Structure formats: structure tokens, C-alpha cells
Ligand SMILES: Cc1ncc(COP(=O)(O)O)c(C=O)c1O
């Protein structure tokens, strides 16, 4: 039976709570043709009905508070309630971004603190919190690189080298920036080799984008040599820092020779994402790139020409002639920054270091437990995630990575990332994060073993999975290409 929508529940005259009359836009300011003749046909339902409706929909959804969510490359760690409570404080949550600087000193201080801490964690000199996602951080950094090259009259550089393991946003950001992508094939160990790089490096290369650790979960061991080669060729080094959860307190992109890096606050610094909230992809750069960062930047009052307060006061610096400009409305997704600030404060330096150790330990625990059961094309000790392949199973039994993933849903576990990175056929990419207990990891391993046994003995059980979810297999291609986004009367 189809689940009722709010429109199906609607009965004339039913009401939820009574809200105060909203301020109305004076009708004379609205264009004639846009005025409604009739009120909109919104559903009329009681408060319990609407509460139950949304509770039911929420129960359909999988989320990180429900169970294990090992979605590789997404770092679905638990989002601490303390950070949520702090971000919900009205002083942060209701602060209007147009508030005069002298009345938002606390917010400026928080942003300044977060910039300082991220710079220390990353080994960089300056940070911008403006980009609203990892992909936006990549794009912003490439724009900064371009402005830097241009400022030297070096305008002929058009190519950016991107390894074949990179996340799809890397080449997309290059294209958005008007540059061309040169794909670099990884070596048999799954890493970038200096020899392969030598063949494609030239004086028309603007940058190399490297993800470290890469999306196979492997540390790029040649990174220092690669950075040296890039700089000798006049190119800049970009670090896709989406996998920073593997490095906290142990290694810093700045010490590896990178000139810029983005961080996904919504992954590493534990803020809700994946439909649960907006993201934030701050970038950090070396000193020579600082003048090109997006405007405005927080500075100490009096450092420039204007002053807005006494000693210690902070203000916005808009007077940045070399800046690439703004990349996001206002100052970035501020409440994500508040959560990240709260997370770093509550963890401390030692806690962050421990988080990385536990994340790497958890990934290797799973890698070792399942290495005899699935193919492991790149078997080295991994960092924060491990990538298996269901290729043998697909060839011999017709059971694919997607079938295993769907069957996991019947065990109440979110599937791993599938079919990525692209260089692994039938990939299953598992990132457990540090926030899961050993008992949860063991439960996952036991579920995987049972599923793989069933794959051999009764493959149709997997082909038809999931069996227990409210929605079975969705038509993913049609859902993406022809989404039905509006309720339609049947
Ligand atoms: C390695 C890597 N780089 C970049 C991104 C892009 O980040 P975002 O989704 O915040 O744009 C992701 C996202 O999953 C990623 O895993």
C-alpha cells in the first residue's frame, strides 16, 4: 500500500498551531502577474498528523545516528551532541550576518580561532572559511593559483595533473577554472610515481592535485619528491584534504610541500552531512598565496586603515586588491564553523591525534578481517579506509558490489561506497571512522561474512536485496535523470 502524503491526509479546516500573522510584502511592490488570485492549495492537517508524517519519513531514512555508516571517502563519524548544542545557542544561530562588526566580536573571534587552529593542523600560513564544500574549496584554490600565476605574467599554463584515483570533483574543478586535465596513471601499488609524473610534467602545467592519503586509502609515499618536481617546473601543489581524518596530529600537508589544501569540516571535524546539513570546505594556503584569498578576511582592528573597537577587537578586511573576490554569500556556512570549533575545542590536540590513530586502526582491522573473503587489489597497510573488489564474485557467481551493498541494508548497516575509485573494478570502499566500537566493527564483519557465504550458496538472496527496507531497489538512473520532485494528484 502506498504511504499517504500530507495531501492525502488533508481535510478542510484542520489546523496545526496558530502562528502570528507574518509581515506581508506590500502588494503594490509585487508585479501584477505574480499576485495570487486564490490562496495556495496547501494540505490542511492537524499537528499530530504532521508530526507523525515526518517521524515516519525520518524512520525510512538511514542516518549516522541509526547505525554503522561505513561510506568510504565520506567520513561518516558520529556528530557529538555537545557541538550541536553549542551551534544551537541563539547567540550563534540567530546572529544576522549583516550585524555590525562591533556587535559580532564573538563570531569574528570564533572564525579567527578556527582559522588559526586549521592553519596549525595543516601546517599552512593562512585560511579562508568561505568555500561551502570540498569541491568549492578545490575550485577556490585553483582560482587562487590562477591569480598567483597571472600576477607573475605566467598566463600560458593551462594544464593541471590529476591522478586516476582522484575524486570526480578534482577534474570538474579544473574544468570549471578553464584549465585542462591531464590524467596521471597510478602505479601497480596504487600510488603516483615520480617517473610517471616526469613524463607529463612541463612548463605549461599550472598545478598538480594530489589527494593524500589517496582514495585507495594509501599514503602517497613519494609526495616530497613530487612536490619538488612540481615546484621546479613552476607548478603549484594542491592537496585534496578530504581524507585529513587519516593525518590529524601526525602529518601536515604544509610539511609535504603543498601550497594549498582544502578540508571538509563536514567530514573530519564532525559536522552533519549527507542530507543532514550544509558543508564547509575551508582552504589553507602558504604565505605567498594569502593576498589572493577570498575577501573579506578577519583581521585585528587597526591593522588596516579602519578601526572598529578597542585593543583586541576584530574587523572584516575588505580592502584586498589582489583577492579573487567572494566565493560564497556572506562569510561561509558559519554554523558549520561553530560545530567544527566546538569539536576541536572538545577533542584538543591529543584527542584529534587519537581520533586519527583509531580511524586507521579500525580500517586496518576490517581490511585484515575480510582480506581472505573479497579481492583486495591494493593490499598494503591502509590509512583511514580500505578498498575491496567483488570482481571474482561477479565473474564467478554474478554477484556484484551493488548486490552486497544492498544486502547490508537488511542487516541495518549502511552500504560502503561502491564503484569508486574508478580504477578498482567492482569496488567496495569501507571507511569505518574512529567513532565505532570494536563490537560494531565485529558486527559488520560478521554480517559481511554471512552475506559472502550467501553469495556463493543462494545468490538470488543478494540479487533481490534489500528485503526489509520500506523502499526496495530504487531505479537509480531514472531517479537521477527524471526525478519526481512534486506531489501529483493521482
Ligand atoms: C577525496 C574527496 N575529495 C573531494 C570531495 C568533495 O567534497 P564535497 O562533497 O564536500 O564537495 C570528496 C567528497 O566526498 C572526497 O571524498
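Residue numbers (our numbering): 151 to 640.
C-beta atoms are modelled at their ideal positions from N, C-alpha and C, and glycine is treated no differently.
The structure displayed is predicted, hence computed values, not measured ones.
CA-to-CA distance, residue 634 to residue 341, given in whole angstroms:
Cα to Cα, residue 341 sits roughly 42 Å from residue 634.
- Could you tell me the distance, in whole angstroms, from the CA atom of residue 516 to the CA atom of residue 534? Cα-Cα distance, rounded: 11 Å.
- Query: Cα-Cα, which of 274, 600, 592 is closest to residue 518?
  - Reply: The shortest CA-to-CA distance from residue 518 to any of 274, 600, 592 is the one to 592.
Next on the checklist: Less than 7 Å between C-beta atoms, sequence neighbours within five positions excluded: which residues of the same chain meet that for residue 443?
Outcome noted: 276, 278, 294, 435, 473
For residue 464, report the span of its beta strand (DSSP E) as first-last. 464-467
Query - Local conformation of residue 333 per DSSP, three classes - result: strand
- the stretch 564-578 / the stretch 622-633 touching (three or more Cβ pairs under 8 Å): no
**OP:** Just tell me which of 507, 537, 163 has its CA closest to the CA of residue 521.
**Re:** 537
Closest residue to residue 440 among 466, 179, 298 (Cα-Cα distance)
298
Practice prompt. May I ask which residues mark the beginning and end of the alpha helix (DSSP H) holding residue 324?
Written response: 319-326
- What number of angstroms, rounded off, separates the C-alpha of residue 415 from the C-alpha of residue 397? 14 Å
Whose C-alpha, out of 582, 624, 480, is nearest the C-alpha of residue 556?
624
* To do: Note down the Cα distance separating residue 159 from residue 547, rounded to an integer number of angstroms.
  => 46 Å
Residue range of the beta strand (DSSP E) that residue 540 falls in? Counting along the chain, residue 540 falls outside any beta strand (DSSP E), and DSSP gives it neither H nor E.
Practice problem: Have a look at 351, 344, 194, 616 and flag the residue whose alpha-carbon is nearest the alpha-carbon of residue 552. | Solution: 616
- Task: May I ask which residues mark the beginning and end of the alpha helix (DSSP H) holding residue 346?
- Result: 344-350
inquiry  = Does the distance between the C-beta of residue 224 and the nearest non-hydrogen atom of ligand 1 fall short of 7 Å?
reply    = yes
TODO: Look up residue 294 in the DSSP assignment and say whether it is helix, strand or coil.
DONE: helix
Query - Straight-line Cα distance separating residue 531 from residue 391 - result: 20 Å
### Query
Tell me, which residues are paired with residue 579 by DSSP?
537, 567
Identify the residues that DSSP records as bridge partners of residue 309: which are they?
330, 355
- Grab me the residues of residue 288's own chain with a C-beta within less than 7 Å of its C-beta, minus the 5 sequence neighbours each way, in chain order. 319, 320, 323, 390, 412
Original post:
Rounded to a whole number of angstroms, what is the C-alpha to C-alpha distance between residue 566 and residue 300?
Top reply: 42 Å
Margin query: Counting C-beta neighbours from all protein chains within 10 Å, is the total for residue 227 16 or more, i.e. buried, or is it exposed?
Written below: Looking at its Cβ environment, which holds 16 or more other Cβ atoms inside 10 Å, residue 227 is buried.
- Query: Going by the CB atoms, is the gap between residue 437 and residue 451 shorter than 8 Å?
  - Reply: no
Check your understanding: What separation, rounded to the nearest whole angstrom, lies between the Cα atoms of residue 386 and residue 220?
Key -> Here the alpha carbons of residue 220 and residue 386 stand approximately 33 Å from one another.
**Study point:** Neighbourhood of residue 395 by C-beta, 6 Å cutoff - its chain only, sequence neighbours within 5 removed
**Key:** 225, 418, 509, 534
| query | With burial defined as no fewer than 16 other Cβ atoms inside 10 Å of the residue's Cβ, what is the status of residue 457: buried or exposed? | reply | Because the pLDDT of residue 457 is 47, which lies under 50, any placement of that residue in the model is unreliable, and the question is left without a value.
* Say the cut is 7 Å; is the CB of residue 365 nearer than that to a heavy atom of ligand 1? -> Checking every heavy atom of ligand 1 against the Cβ of residue 365, one is found closer than 7 Å.
Is the beta carbon of residue 339 closer than 8 Å to that of residue 528? yes
- Ends of the alpha helix (DSSP H) at residue 508? 484-520
Exercise. Which one or two residues does DSSP pair with residue 524 in a beta bridge?
Worked result: Partner(s): none; residue 524 has no beta bridge.
Q.
On the CB-based measure, 16 or more other CB atoms within 10 Å of its CB, does residue 550 come out buried or exposed?
A. buried
query: Quick one: what does DSSP say residue 300 is sitting in, helix, strand or coil?
result: helix
Point to revise | Which listed residue (216, 223, 204) has its alpha carbon closest to that of residue 577 | key: 223
So residue 473 is in the beta strand (DSSP E); what residue range does that whole segment cover?
Note, residue 473: premise wrong, no beta strand (DSSP E); not H, not E.
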